[in-house]
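Right, one structure below, let's go through it.
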Amino acid sequence: APNTIPTAAKAGGNYLSSLLVGSEARRHGYQEGIALDVNGYISEGAGENLFEVKDGVLFTPPFTSSALPGITRDAIIKLAKDLGIEVREQV
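Going by my numbering, the sequence shown opens with residue 30, and the numbers climb by one from there.
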């Protein structure tokens, strides 16, 4: 998304956006926050990727939603596919 921190910058140690997401969540009484991209779609948590299982399908936001590509995310997607679980990267 054009108005968010590039994922390469996040991977390089720029955690300001994650700190802001977490801080805002705690200010409203929550333990964890969920970041949205500039279009209002779910992107990621303050320090983790997000997944949802619905009707036997594993959903996760695509990288185009400013989600940080990560080793754990890749491993979960690969494991799900190896187990025959359909994976959809969509908003």
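For every residue, glycine included, the Cβ atom is placed at its ideal position computed from N, Cα and C.
- Task: Give the DSSP bridge partners of T89, in chain order.
- Result: E118
- Three-state secondary structure (DSSP) at A30? Reliability fails at A30, whose pLDDT of 47 lies under 50, so the model's placement of it is uncertain and the value that follows must be treated cautiously. Reduced to three states, the DSSP call for A30 is coil.
- Query: Who are the near neighbours of S47 in its chain, counting only those whose CB is closer than 7 Å to its CB and skipping five residues on each side?
  - Reply: A75 and G76
- Query: Buried or exposed: S72, going by 16 or more other Cβ atoms within 10 Å of its Cβ?
  - Reply: buried
- Query: When the Cα of F80 is compared with those of G69, A104 and Q60, which residue comes out closest?
  - Reply: A104
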